[in-house]
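Going by the numbering used here, the sequence shown opens with residue 632, and the numbers climb by one from there.
Notes for the one structure printed next.
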Amino acid sequence: MIGPQQGPQPDHPSPRAKAQEPLEMSQVGKEEAEESQRANQPASAEPAASQAAQELEGSPCLRRVVKFLLPHTTVEAPLPQEEEQQFYQGLARVLGPKQGRFGELFAAAGWAEVTEDRLLRKLLVREGQGEASRPQPGQEVTVKLLGVLEDGSLVEKDPKLTFILEQGDVIQALELGVQSMQLGEVSFLLTSFLYAYGHLGRDPDIPSDASLLYEVTLLQIRDSPNLGLLPPSARISLSKQKRERGNFHFEREEYQRAMRSYQLALGILDSPGAVPPSTKEEEELQEHQVKCLNNCAAAQLKLQLFEEVLASCNAVLHIDPDNVKALYRKGKVQPSTHTKETQQTGAQTGRRGKRLVGDGGEGD
């Protein structure tokens, strides 16, 4: 049965629990309580009360005593958030009586095909603002996202997920699905594992070969940021995000996509900025360039792009002549790309790097 899964409960109380919380007394109630208190107070207490009032006159926050009703209450387990409830209600309508079975939806009528293989499909929930409002490759989009597995487990939730189209920042299902949407549109996206998290899944919540069903709302479309206007610190931060995404692809053996992410990260670092970097920022820029170039060389080596590996390694060594990873990889590919006369030099370089880095572990 599709529905919210039991798990650790959030810290905030539910609307039901909130209704049982003690309430502050109304203004009229407080005045009546104070009048009754004064009437029952001994006469000897009046001068002390008057003196206390005079002493507190300069403290506005202490002029009135706030009283609370404290009834005995039982705090119940929080209910799912309202948007999750609405999502599961819509999900139940989509799945009908055969809840928990995505397989039949891949052949169900009423869905639009996002890909020709019918493994990524879209069901319109609410129309957007027209064809002219569709996002274009390279633009930055913001979406609201909820996604479940076949057993109803909520594994994706982001009220404002922002990414640039066709830069590999998200799974292909979202890249392709969002490009088919209009601004303001709400749709369900049904995706096979091939356009989601593949054979590996995503630890700890998405198993291997898992299909996913998303509800996506396209909230905003805008042009991607002008790199020339970003200060060095912002370019470093943005580049780091791209590099980490490349590491994600590399670990999943998606080497082409990993190389693409590393190259995007390098492009961000190499962009001339309107604000010149400080000495410390210049050193940090070079440090991140070395990491991106080394990772790029690792992906290129997996793809057997030997000339590109050499170019990446040489760029690293231009910045850091003793960089062990670049020395190792350069020596590893030189025998494949040079004549016999230079193979010996390449082998020596490779042995030098290998002594320093061991097996040349990947990823920075």
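For each residue, glycine too, the CB sits at the ideal point set by N, CA and C.
Scanning the stretch 789-844 for uninterrupted beta strand (DSSP E) segments of 3 residues or longer gives 817-822, listed from N- to C-terminal end.
Pairwise C-beta distances place the stretch 837-846 in contact with the stretch 808-821, as three or more of them are shorter than 8 Å.
For the pair of segments examined, the stretch 865-876 was found to touch the stretch 895-903: the number of CB pairs separated by less than 8 Å reaches three. Selection Gly761, Ala889, Leu780 evaluated against Leu934 yields Ala889 as nearest (Cα-Cα). Within the model, the alpha-carbon separation for Arg724 versus Pro856 is close to 39 Å. Within the same chain, Gly904, Val906, Pro908, Glu912, Leu916 come within 7 Å of Pro863 by CB-CB distance, once the 5 residues on both sides are set aside.
Under DSSP, Arg752 forms a beta bridge with Glu744, Leu821.
Excluding its 5 nearest sequence neighbours in each direction, Gln803 has C-beta neighbours in its own chain below 6 Å: Tyr826, listed in chain order. Between the stretch 919-934 and the stretch 943-963 there are three or more C-beta pairs closer than 8 Å, enough to call the two in contact. Taking all protein chains in view, the Cβ of Pro766 is crowded by 16 or more other Cβ atoms within 10 Å, so the residue is classified as buried. A distance of 7 Å or more separates the beta carbons of Val940 and Ala957.
Note that the C-beta distance between Gln813 and Leu796 is not below 7 Å. Judged by DSSP secondary structure, Glu771 falls within the beta strand (DSSP E) whose first and last residues are 771-779.
The shortest C-alpha to C-alpha distance from Leu932 to any of Tyr959, Glu714, Leu754 is the one to Tyr959.
Closest option to Ala930, judged by alpha-carbon separation, among Leu858, Leu861, Glu885: Glu885. Rounded to the nearest whole angstrom, the CA to CA distance from Asn925 to Asp995 is 8 Å.
The Cβ atoms of Ser839 and Gly832 lie closer than 7 Å to each other.
A residue is called buried once 16 or more other Cβ atoms fall within 10 Å of its Cβ, and Gly761, having fewer, is exposed.
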